[in-house]
Structures are given as structure tokens and as C-alpha cells.
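Quick note: the sequence shown uses our numbering, first residue 37, plus one each step. All residues carry an ideal CB built from backbone N, CA and C; glycine is no exception. Just so you know, these numbers come straight off a predicted model, no measurement behind them. The structure appears right after this line, and notes come after that.
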Amino acid sequence: MYSKKYGKTIKLFLMDADPNGRMICELSNWNGKAYRIPRGKVKDCSDRQDLKSTSVYLLFGRAESSSAKPKAYIGEAENAYTRLAQHVSEKEFWNESVVFISKDENLNKAHIKYLESRLYEVALHANRYELQNANTPTRSNISESDQAEMEEFIEYIKILVNAMGYKVFEPLVNISLDSYQTDDIFNLKGARGASGKGKRTSDGFVVFAGTTVANNTVPSFPKSAQNLRNELIDSGVITQNTEEMSFHTDYLFGSPSTAAAVIMGRSANGLVEWKNELGQDLKSVETTEISNANNESHLKA
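The following block contains the structure:
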């Protein structure tokens, strides 16, 4: 049965009157609260009593190169401030943290252990970040009703973390290939063995695992694309055997043109190289989508 989704209101409070400083995030009709705390601002949180309660938290660090994943750590604490202060001295990789607490102090130790374990599981499945946890968090046994409440809590956590720009819980592609409409998937064919599939997303353009890459590049191949191609090979995103080179995993590119260039081993305009099953190139599809939207808007006016 179709379930209609309704809009959400997120309230942001800049604690330091600085968009790069500490931030409190609250979501409409939710008893949770999120703190975004930069590493250098942890020391300024010693007087925040609600940060001395039970919590689940994430630490975020940047990727070391364009082909590497950003880093994340997922943990739980009975005193969030104390734990973050420990991580400042013990963990070097992170530069920002996000802490989730309950406004009505309704989270106990079993709850946060469950949240930690489930969030780790979701992040591992999404495979967007390089998780820094040394061990897999142990999941606590809680009642069926508590599980239902915690799963709802997790859905709100995912909304806020995503809204903050951290896609740690968001898979590159949410639906299996078989369930896409014909104009959702784009194909690319080129010389020297280049052949693949991909999809537009809100972050860029995802090339699917199994896409084969041109076995060599042309002399005029842009240096930036060559460097990225080399990084993807060195990191194992693109693997090579005796017969072909191919993508070992799904990979997110910033644009369809960069994706096409890396695959084809030459300069490429992704808007015309990528075509759907109907033979329409990406530029035509996007132009048609805008035109249809404008027509619908005029009909409603």
C-alpha cells in the first residue's frame, strides 16, 4: 500500500553564531536532539549538561585522496562530553562529530548499544565511508517495543546526518538494477573495450560494478582524468585481469563526463556519451524532464 511521505522541519541553532562552529539540530515531532561539534570546539562544551548524558555519536574525517573514502567512527557513551574529550587526545583522523541524545533523557545503556550496533550495520552496508571502528559493536537485547522505538530513532538520525551533508548511511544506489525504469539506467559504449552502466544521483553519477574500462588511453587524455584513473586502479576500485579492466565496486563520480572519460580513456562529454535503453542521451533526457515539469506547472496554474 502506498504510504505518503510528509515534509519535515529541521531547526538549526548556531551556538557560536558561526556556520562552521557548534550547531544544535532538532527535527519536528522528535524527542531527539543532535549536536554537531567541530574537534576544536569540544573544549567549549564542558558546561553543556545534556552532553553528559547517554548518547550515540559519529566522528567524521576527510578522505586522503580523490579516490579514497571519507572516514567515520560510530560509538556510544554514557557521558558524551567525556568521550569526545578522550577522542580528541586518542584519535587523530576526525575533525567533526555529531552527537545524538534524547531530550527527555529516555535513552539507557541498552538503547545506545542497540543504536550503535544498528548504525554501524547500516553504514557498513552503505559502504560510503571507511569505518574506523576496530571491532564490530555488540548489539544489546531489548524488548520488541523498544526495538521499534529505536528503529524510528534511527530513521530520524539518518535524516539529520544526511541533511548535514554526511551520506554515511545513504547507499550510492538505493534500488536494484532490475527495478529501475528504462530511462533511469544509462549505458556507455566505446573503443578498446569500454562498456558500462551508470545512474544519476543527487551526489553525481554512479558507475556500476562490472563496467569495463578501455585498456589504454589516447595521447590527448587529460592529465586530471589520468591521475584519477590511476588512483582508482591503485586503490582497487578498478581491477585488471588478463582479459580486461573493470570496476570492482560501484563508484560515485562528480559528473557524467568525468565518469565517461575514465571509462573511455579519452576526453568525453558525458551528456551525450551516456544513453538510456531508448537510445536517448542524458542531455535529451534532462531537457525533456524540465520541459515536462514546466508543462505540468502551467496546467496546474
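Coarse secondary structure for A121, derived from DSSP in three states: A121: helix per DSSP, three-state reduction.
Confirm, please, whether the CB-CB distance from T248 to E280 is below 7 angstroms. At the C-beta level, E280 and T248 come within 7 angstroms of one another.
Which value, in whole angstroms, describes the spacing of the CA atoms of N328 and L318? 15 angstroms
Report yes or no: do three or more beta-carbon pairs, one from the region 132-142 and one from the region 176-184, lie closer than 8 angstroms? No: fewer than three Cβ pairs fall under 8 angstroms.
Which partner residues does C61 have in the DSSP bridge list? L48, A70
Only counting the same chain, and skipping five residues up and downstream in sequence, which positions put a Cβ closer than 6 angstroms to that of R265? When the five nearest sequence neighbours on each side are left out, the beta carbons in the same chain lying within less than 6 angstroms of the beta carbon of R265 are those of V298, in order along the chain.
So, using beta-carbon positions, are F289 and F241 closer together than 7 angstroms? Taking 7 angstroms as the Cβ cut-off, F289 and F241 qualify as a contacting pair.
8 angstroms contact criterion, which S293 and N305 should meet: CB distance rounded: 6 angstroms
Give the straight-line distance between the Cα atoms of E191 and I274, rounded to the nearest whole angstrom. Rounded to the nearest angstrom, the gap between the Cα atoms of E191 and I274 is 33 angstroms.
Determine the direct distance from the alpha carbon of G68 to that of A116, and round the result to whole angstroms. Cα to Cα, A116 sits roughly 14 angstroms from G68.
Output yes or no for whether 7 angstroms exceeds the beta carbon distance between A199 and I46. yes
Straight-line gap, K311 to L224 (C-alpha atoms, nearest Å): 7 angstroms
May I ask which residues mark the beginning and end of the alpha helix (DSSP H) holding G306? 306-309
When we look at the beta-carbon of L120 and count the other beta-carbons within 10 Å, is it buried (16 or more) or exposed? buried
DSSP beta-bridge partners for K167? What sits at residue 167 in the sequence shown is Leu, not Lys. Answer by DSSP bridge pairing, in chain order: A108.
Take I195 as the anchor and find which of M186, I326, E206 has the nearest alpha-carbon. E206
Look at the Cβ atom of L50, then the Cβ atom of C61, and state whether they are nearer than 7 angstroms. no
For S133, report the span of its alpha helix (DSSP H) as first-last. Element bounds for S133: not the alpha helix (DSSP H) but the beta strand (DSSP E), 132-138.
Rounded Cβ spacing between Y165 and K77 (contact assumed at less than 8 angstroms): About 22 angstroms; that fails the 8 angstroms criterion.
What is the residue span of the beta strand (DSSP E) that V242 lies within? 241-243
Can you give the Cα-Cα distance for D286 and E267, rounded to whole angstroms? 15 angstroms
Quick check on the burial criterion: 16 or more other C-beta atoms within 10 angstroms. Buried or exposed for E112? E112 counts as buried, since no fewer than 16 other beta carbons sit within 10 angstroms of its beta carbon.
Going by other Cβ atoms of all chains shown within 10 Å of its Cβ, with 16 needed for buried, is T174 buried or exposed? exposed
Enclosing beta strand (DSSP E) for F222 [first to last residue]: Per DSSP, F222 is one residue of the beta strand (DSSP E) stretching across 222-225.
Go to I299, then tell me how far its alpha helix (DSSP H) extends in each direction, as first and last residue. 292-300
How about L243 and G226: do their beta carbons lie closer than 7 angstroms? The sequence given here has Val at residue 243, not Leu. For V243 and G226, no; Cβs fall outside 7 angstroms.
Ignore the nearest five residues each way along the sequence and tell me which others in N144's own chain have a CB closer than 7 angstroms to its CB. So the list reads T90, once near-sequence residues are dropped.
Is the CB-CB distance between L87 and Y109 below 7 angstroms? With contacts defined by Cβ atoms closer than 7 angstroms, L87 and Y109 do not form a contacting pair.
F189 by DSSP, collapsed to three states: which one? helix
Taking the CB atoms as reference points, tell me whether M300 and A230 lie closer together than 7 angstroms. yes
What did DSSP end up calling G368 once you bin it into helix, strand or coil? Residue 368 falls outside the range modelled here, since the chain spans only 37 to 337, and no answer is possible.
Exposure label - S303; buried when at least 16 CB within 10 Å: exposed
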